[in-house]
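Counted the way this note's numbering counts, the sequence shown spans residues 70 to 746.
Every residue, glycine too, gets a C-beta built ideally from N, C-alpha and C.
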Amino acid sequence: MKTIYHCLVLSGLLLSSGKLAAQSPEKFIDKSNMNTKVKPGDDFAEYANGTWVKNNPIPAKETRWGSFNQLRDFNINAVKTILEEVKLNQKSYPAGSIEKRVADFYTAAMDSLAIEKLGYTPIKADLDQVNALSSKKEVLDALAQFRVSGIGSPLFGFGVGQDRKNVEKMVPQLAQGGTTLPDRDFYLKSDMRSAKVQEVYKNYIKTLFELVGNPADLAKANSDIVFGLEKQLANAQMSRVEMRDPYKTYNKFTWDEFQQKTNEIDWTAFFAQLNVPKQDSILVSAPKFFEEVNRMVKETPINQWKVYLQWSILKGAAPNLSSPFVKANFSFNQLLTGQKVQTPRWQRMSSLTDGTIGELLGQLYVKNYFKPEAKERMKVLIENLRKAFEIRIQKLDWMSDVTKQKALDKLHAFTPKIGYPDKWRNYDGLEISGDHYFQNLRNASAWSFKENVSQVGKKVDRSRWGMTPPTVNAYYSPVMNEIVFPAGILQFPFFDPKADDAVNYGGIGAVIGHEMSHGFDDSGSKYDKDGTLRNWWTDDDLNKFKAKTALLGAQFDAYTILDTIHVNGKLTMGENIGDLGGLNMAYEAFKLTEQGKSKKKIDGFTPDQRFFLSWAQVWRGTTLPETAAQLIITDPHSPNQYRTIGAPVNMDAWYEAFKIKPGDKLYKKPEDRIKIW
70 MKTIYHCLVL SGLLLSSGKL AAQSPEKFID KSNMNTKVKP GDDFAEYANG TWVKNNPIPA
130 KETRWGSFNQ LRDFNINAVK TILEEVKLNQ KSYPAGSIEK RVADFYTAAM DSLAIEKLGY
190 TPIKADLDQV NALSSKKEVL DALAQFRVSG IGSPLFGFGV GQDRKNVEKM VPQLAQGGTT
250 LPDRDFYLKS DMRSAKVQEV YKNYIKTLFE LVGNPADLAK ANSDIVFGLE KQLANAQMSR
310 VEMRDPYKTY NKFTWDEFQQ KTNEIDWTAF FAQLNVPKQD SILVSAPKFF EEVNRMVKET
370 PINQWKVYLQ WSILKGAAPN LSSPFVKANF SFNQLLTGQK VQTPRWQRMS SLTDGTIGEL
430 LGQLYVKNYF KPEAKERMKV LIENLRKAFE IRIQKLDWMS DVTKQKALDK LHAFTPKIGY
490 PDKWRNYDGL EISGDHYFQN LRNASAWSFK ENVSQVGKKV DRSRWGMTPP TVNAYYSPVM
550 NEIVFPAGIL QFPFFDPKAD DAVNYGGIGA VIGHEMSHGF DDSGSKYDKD GTLRNWWTDD
610 DLNKFKAKTA LLGAQFDAYT ILDTIHVNGK LTMGENIGDL GGLNMAYEAF KLTEQGKSKK
670 KIDGFTPDQR FFLSWAQVWR GTTLPETAAQ LIITDPHSPN QYRTIGAPVN MDAWYEAFKI
730 KPGDKLYKKP EDRIKIW
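In C-alpha cells form, the structure reads like this:
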C-alpha cells in the first residue's frame, strides 16, 4: 500500500533510438489545430484545441481521446514492438534472462487457443474449495488464503506500508474494500444512472455464476446475495472526499484494542496465515468500516459468505478466462464507460505485461526508447522549477516568515526520480511459464503479496518506484517527499529537445510544478519535509490557506459536464491546486529564460501565448458521456476542458497574453483571481 498522489498527466511521443522513433512535429504549436473564430477569453479550450477535437473523434476501442490517449497509443505500440521481438526470439534466450521471462509471460498471454480450451478450468478447484467450507473459521481462513495464493483480496484491503507518523517504519495496514462497482455511491443512490448500473451489475454477477454451471435461478439468488453484502459494505465506507484527509485515515490501534473492537475475527490467526508477525499496533484507515465487517461476520450465514467468496474468484478471473467470460466482463464495463469495441488482445496483454512484470519489461524499454540526455535535461528543468517555486514562496503576501521557512525546507528536501529506477526489481522467485497464462498471473499476484509482507520491520527502501518506466504519468509521494517522472512522460507535447522553452515549460515544466505543488496541496501540505504526517503551519497561515482553497473549490464546483453534472471541487481539490501552483511556477521559471524575457514571435505567437497554448494542447480531448459521468464520481482530476482553463483564468499573465477583457466569458476581476502558491 503506497500513499501516492497520482497526477493524470498526459503523454507525448517517445524520445527514442528504437524502431518506433518518433519525429518532432513540424510545428510545436500548430494553428491548424485551433479554432481562432472563438475568442480565447470566451472559451480558451475551444480556441486552443477546437479544430483538433473536431477532426479527431474517439476511436471505437477508446473511452477518451486526446493528447494523452493518442500518445499512449504510440507508447503501447513501442512496448508491443519489444514484446513481439522477444516472443519471436524466445527460444534463443537463456533460462532466467530478462528477455526469456518477458517473452514467456507475453507468449502465454497471447495463446488464446490454449486459453479457450481451458474454459473456467483454472478456477474450478478454487470454486470447489470454497463450496466445501463448513464453518465460520474456515471462511475467515479463506480471507487469508486468498491473499497468500494470489486469488484476491475479499472483504477489505490489507498491505504493508510506511507509517505516516514514523516514515522509516513499515507497518501492516488495513483499509476499507470488499466492493466491485467503482464507487460506493453506485450502490447507495437511486437516480436513473445508478439504478441502471445496479441492474446491469446484478445481471453480470448472474451471468458469471451461470458460466460456471449454476442454474439460472441459483445464479440469480447468488447475484442478490452478492449485491446485498456489497451494499452493506458500501454503506459503511468513507466517501472519496473523506478519504483525502490523511488524518481521518490514520487510526492506530494496539493489537488488543483492535481485536476487542472487531472480536469476530481472530486477527492473530489471520496475520499468522499471512506470515506477518504479530505487531504491537496496527493502522486502520476506516475503523467504522471494520466494525460493520465485524457485525456482518457475526450475523451473515456461512452460505452467503461462500457465495461472496466465489464471486471474488469469478470477478478477478473473468478477464483472463475463455471468451464467454471476457465478453461478459466487457459488456458490463461497456455500461460504465460507453466503450464501443473491446481493446485488441495484443494491447491488453502488452499493458498487462507492463502491469505485472513492469521492471523486467522496463529494462528492455529504456534500453530501446529512452535517451540519457533526456534525463539530464529533466534534472536542469526540475532545479529551475525548484528555484521558481522558492522565489514564489518568498514573495507570498499571506504567509508568515515562520511558515515560509518550513515550506522552503520541504521544497529543498524534495527527491526527484527521473526515467527509471537506479535499482531494478528482478522478481527473484517468481515462476513464469510460456505455457500457463492464468498460473503466471496467480504466481505474480502471490509473489507480489509475499514481497510486500516481507517488508514488515525492514528499513524503508527509497529506491522503489510506484510506476513502471513505460508509464505515461507522474506522481508525488508525500511520505517519501519525492516527485517521480517515468520515461514514458518525457515526450512531446510535454517535452521535446527541439522545442522552444515556451513549449517545454508550458508542458513538462507545468507537470514538474504540478507534482511539486502536490507537496503543498490541501492533503500533501499536512506532511513535513521528512514525509511525516505532522503540522508545520501556524494557525493563522493555515486558516488563510484554507480560505484560498475554498475559493478554488467553489470555482470548480461551478463547472458542469453533460449539461447538469457538476465537478466536485472538494474531490478534485488536490489536483486543482497542483495545476494552479504548477502552471504559476512553470511560468515563473519560463520568464527567467532568454525566450521568456523576449517578445519574439514564432509561427505568429508570442512567447507567453506559446506557453499557455502548450499547456492547453496537453489537455485537449474528448470523453464518452458514460465515462465522463463515472469520472466525476471517481476521478480526483477535473475534466480536461476545465484543467485547460482552471489555472489560466487566475493568472494575470494569461489575460495580458491574449488581451482578455471585461465582458469576455472567462474574465475574472483581478481581485477575484485566486493566488495560492
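Express the C-alpha separation of residue 438 and residue 757 in angstroms, rounding to a whole number. In the structure displayed, the chain extends from 70 to 746; residue 757 sits before or after that span and is not available.
Do you know offhand how far residue 135's Cα is from residue 380's? 36 Å
Hey, could you find the ends of the alpha helix (DSSP H) residue 586 is sitting in? From DSSP, the alpha helix (DSSP H) with residue 586 extends over 579-587.
How big is the Cα-Cα spacing for residue 162 and residue 498? 19 Å
Can you give the beta carbon distance from residue 555 to residue 536, rounded, assuming they're within the 8 Å contact cut? 5 Å
Let's test the definition: count the other Cβ atoms within 10 Å of the Cβ of residue 122 and tell me whether it reaches 16, buried, or not, exposed. buried
So what does residue 528 bridge to, in DSSP terms? Answer by DSSP bridge pairing, in chain order: 238.
Per DSSP, what kind of secondary structure is residue 689 in: helix, strand or coil? coil
Residues near residue 509 by beta carbon distance below 7 Å, same chain, minus five either side: Correct list, in chain order: 174, 177, 501, 502.
For residue 591, report the span of its beta strand (DSSP E) as first-last. Segment: none, residue 591 is in no beta strand (DSSP E) and carries neither H nor E.
DSSP state of residue 746 mapped onto helix, strand, coil: coil
Among 643, 684, 339, which residue has its Cα nearest to the Cα of residue 207? 339
Whole-angstrom Cβ separation of residue 375 and residue 199, contact assumed at under 8 Å? Residue 375 to residue 199, Cβ: 6 Å. Contact.
Count the other CB atoms, across all protein chains shown, that sit within 10 Å of the CB of residue 603; report buried if there are 16 or more and exposed otherwise. exposed
Looking at C-beta atoms only, is the number of pairs between the region 345-364 and the region 240-247 that lie closer than 8 Å three or more? yes
Distance check for residue 547 and residue 395, CA to CA, integer angstroms please. 38 Å
Is the beta carbon of residue 236 closer than 8 Å to that of residue 762? Given that the chain is displayed from residue 70 to residue 746, the structure contains no residue 762 and the question cannot be resolved.
Which class does residue 569 belong to by DSSP, given the choice of helix, strand or coil? coil
Straight-line Cα distance separating residue 171 from residue 377: 34 Å
Could you give the first and the last residue of the continuous alpha helix (DSSP H) run that contains residue 625? 608-626
Within the region 117-203, note down every full beta strand (DSSP E) run reaching 3 residues or more, in order along the chain. 133-135
Compare the C-alpha of residue 445 against each of 685, 314, 281, 489 and name the closest. In terms of CA proximity to residue 445, 489 leads the group 685, 314, 281, 489.
Alpha carbon to alpha carbon, how far is residue 695 from residue 628? Give it in angstroms, no decimals. 18 Å
Is the distance from the Cβ of residue 561 to the Cβ of residue 101 below 8 Å? no
Suppose you measure from the CA of residue 87 to the CA of residue 426; what does that come to, to the nearest Å? Low per-residue confidence applies at residue 87: pLDDT is 36, beneath 50, and the placement is therefore not dependable, though the value from the model is reported in the following sentence. Looking at the two C-alpha atoms, the distance is approximately 21 Å.
Boundaries of the alpha helix (DSSP H) in which residue 256 is found, first to last residue: 254-257
Using only CA atoms, which one of 591, 600, 223, 140 lies nearest to residue 55? With the chain covering 70 to 746 only, the question about residue 55 has no answer from this structure.
Locate the beta strand (DSSP E) running through residue 545, then write down its first and last residues. 543-546
Under 8 Å: do the region 355-366 and the region 227-236 share three or more Cβ pairs, one atom per stretch? no
Can you list, in chain order, the residues of its chain whose CB lies under 7 Å from that of residue 659, leaving out five sequence neighbours each side? 570, 571, 574, 578, 665, 680
Should residue 138 go down as buried or exposed, given a rule of 16 or more other Cβ atoms within 10 Å for buried? buried
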